[in-house]
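J.: For what it's worth, my numbering labels the leading residue of the sequence shown as 64, then goes sequentially.
Backbone N, C-alpha and C define an ideal beta-carbon position, used for all residues, glycine too.
Note that the coordinates shown come from a computational prediction; the quantities given were computed from them, not determined experimentally.
For reference, the structure I am asking about is given below.
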Amino acid sequence: MGRVGHQPRAARVRHPAGVMAGSRRPTGLGRQAAPEDVPPHARPDIVYRDLGLVWGVKSSLLSYLAALPDTEVQVEPGSGRLLDGRFYFSPDPSSAHDGTRGSHRFRGAVRFRAHAGMLDVTVCDPRFETSDEGAWVMSVETWQEGRWTRVPFMDCRLAGADRRDGRAVTRRFATSLSGAARSLFDDTYPAGEPFDDAELRLPPG
């Protein structure tokens, strides 16, 4: 994996030991996770939900991390992990969408930590929104340069037609790393590096 073991710039300042009351940012990200910290609904055997975001992040990265002895994947309330290894983020009621139109916001957080904390990346509260040019972008909140920041994380494009099954509209996006997010991986990946497809199950409009 090349330089993925190097310390990401975002990890050079440790996460705070909690956040202010009222914040939706996960409080458990300020310390090393213990097994008892994982909420029951964030178990590895969580089942597929009807509505929400399902995303595998990057399968080759997860395979690499799985081979390391000290890797921790911390899943916070609002999110979970499916049996196939992908991650689930629950719908955010504040989404300003009508069916498949508008922004699509999700809640939950996943933190990846390895190499004694030198690799430390958090994906929190993903949002899918269109830019001024009409392109889709996934942004996330993450711990960067000593503070929580929302950054453009993935450039997205629709991958095929929407699928409807009566209960939901399934929309699939191909994702690639945004230039603004390269530093989260210590510039290991170039801008435009393909990541896994993201699957959004949205309420029918």
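Within its chain, find whatever has a CB closer than 8 Å to the CB of serine 202; leave out the 5 residues flanking it on each side and keep chain order.
T.: For the purposes of this step, residue 202 is taken as the residue at position 139 of the sequence shown. Answer for serine 202: Pro189, Arg190, Glu192, Arg213, Val214, Pro215 and Phe216, listed in chain order.
J.: Is it buried or exposed, glutamate 196, if we count other Cβ atoms within 10 angstroms and call 16 or more buried?
T.: In the sequence shown, the residue the question calls residue 196 occupies position 133. When all chains shown are included, glutamate 196 counts as exposed.
J.: To the nearest angstrom, how far is it from the Cα of glutamate 135 to the Cα of serine 241?
T.: For this step, residue 135 is matched to residue 72 along the sequence shown. For this step, residue 241 is matched to residue 178 along the sequence shown. Cα to Cα, glutamate 135 sits roughly 24 Å from serine 241.
J.: Using DSSP with H/G/I as helix, E/B as strand and the rest coil, what is alanine 254?
T.: By one-based count along the sequence shown, residue 254 stands at place 191. Residue state, collapsed to three classes: coil.
J.: Taking the beta strand (DSSP E) that leucine 128 falls in, what are its first and last residues?
T.: Working through the sequence shown from its first residue, we reach residue 128 at position 65. No beta strand (DSSP E) holds leucine 128; the alpha helix (DSSP H) holding it covers 122-129.
J.: Note down, one range per segment and in chain order, each alpha helix (DSSP H) of at least 4 residues found wholly within the stretch 181-213.
T.: Counting only runs of 4 or more, we get nothing.
J.: Less than 7 Å between the C-beta atoms of leucine 114 and alanine 231, yes or no?
T.: One-based indexing of the sequence shown puts residue 114 at position 51. One-based indexing of the sequence shown puts residue 231 at position 168. Their beta carbons are under 7 Å apart, which means leucine 114 touches alanine 231 by this criterion.
J.: Between which residues of its own chain and valine 186 is the CB-CB distance below 6 Å, once the five residues before and five after are set aside?
T.: Within the sequence shown, residue 186 is the residue found at index 123, counting from 1. Closer than 6 Å at the Cβ level, and outside the excluded window around valine 186, lie Val173 and Val203.
J.: Taking the straight line between their C-alpha atoms, what separation do you get for leucine 146 and arginine 168?
T.: Here residue 146 refers to the residue found at position 83 when the sequence shown is read from its first residue. Here residue 168 refers to the residue found at position 105 when the sequence shown is read from its first residue. Rounded to the nearest angstrom, the two C-alpha atoms are 23 Å apart.
J.: Which stretch, first to last residue, makes up the beta strand (DSSP E) that contains serine 142?
T.: Translated into positions along the sequence shown, residue 142 becomes position 79. Residues 142-144.
J.: Taking 8 Å as the limit between beta carbons, can you name the residues of its chain near alanine 222, skipping five residues before and five after?
T.: Against the sequence shown, residue 222 aligns to sequence position 159. The residues are Arg235, Phe236, Ala237 and Asp260.
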